[in-house]
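Each remark here refers to the structure printed beneath this line.
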Amino acid sequence: MSNAAFAPHDHSQCTARALDEAEARLTKSGARLTPVRRRTLEILLESHRAMGAYDMLQRLAEEGYGNQPPVAYRALEFLVQNGLAHRLQRLNAFAACLHPGHEHAPAFLICRECDKLAELPAAPVRETLSDLAADSGFTVERVTIEALGLCPTCARAGAI
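The opening position of the sequence shown corresponds to residue 12 in my numbering, with each subsequent residue numbered one higher.
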């Protein structure tokens with residue numbers, strides 16, 4: 012399965028699609044994409060990279076949305092709670108969800124050189140892990156799959 016994050020593509024199309032899906036999802040649930048929430052999502056969608064809360068706060072402050080940490084944290088938390096962004100534990104950062112139109116269990120491929128990331132479906136991996144855990148009497152409640160490696164561009168650059 013090819014992933015657009017690591018391949019040349021029209022990024023404006025994936026951004027527009029994600030924003031449209033976000034609006035539809037929130038309208039359906041009765042939630043609202045306020046100006047600061049929308050701008051936070053737009054910033055996360057600018058590239059296929061994760062962004063820390065303080066970097067987000069700096070961007071929002073530069074654009075007149077305020078410079079108090081709750082501004083960024085509240086917007087990011089809203090996006091995560093509504094399935095529009097993911098929190099990446101390894102990077103202590105946030106990334107826009109590239110499939111906000113439906114519930115899913117993603118895995119993340121993170122390039123250790125350029126920090127670009129890709130979101131992949133991980134349901135089969137999670138199911139296998141849950142089955143293995145159940146054999147030990149353990150109940151899995153939450154799983155975050157984050158794989159660190161090299162994207163195709165960085166791998167090619169290292170091979171030269």
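Each residue gets a CB set at the ideal place from its N, CA and C atoms; glycine is no exception.
query: Spell out the partners DSSP gives LEU131 in its beta bridges.; result: ALA118
query: By the three-class DSSP mapping on this structure, what secondary structure does PHE89 have?; result: helix
query: Are the segment 152–166 and the segment 117–128 touching, with three or more C-beta to C-beta distances below 8 Å?; result: yes
query: Since LEU71 is in the alpha helix (DSSP H), which residue starts that stretch and which ends it?; result: 64–73
query: Assuming GLY75 and ALA104 form a contact by the criterion Cβ under 8 Å, report the distance between their Cβ atoms to the nearest whole angstrom.; result: Actually they are not in contact, since the Cβ atoms of GLY75 and ALA104 sit about 23 Å apart, beyond 8 Å.
query: Using only the alpha-carbon positions, how far apart do GLU130 and CYS25 sit?; result: 13 Å
query: Is the beta carbon of CYS165 less than 8 Å from the beta carbon of CYS125?; result: yes
query: Near ALA42, what residues of its chain come up, given a Cβ to Cβ distance below 7 Å and the 5 sequence neighbours on each side ignored?; result: ASN93
query: In the DSSP assignment, the alpha helix (DSSP H) including LEU109 goes from what residue to what residue?; result: From DSSP, LEU109 is part of no alpha helix (DSSP H); its letter is neither H nor E.
query: For GLU34, which of helix, strand or coil comes out of DSSP?; result: helix
query: Would you call the CB atoms of ARG36 and PRO111 closer than 8 Å?; result: yes
query: From the DSSP output, in three-state form, read off LEU95 for me.; result: coil
query: Would you say LEU30 and ARG50 are within 8 Å of each other, going by their C-beta atoms?; result: no
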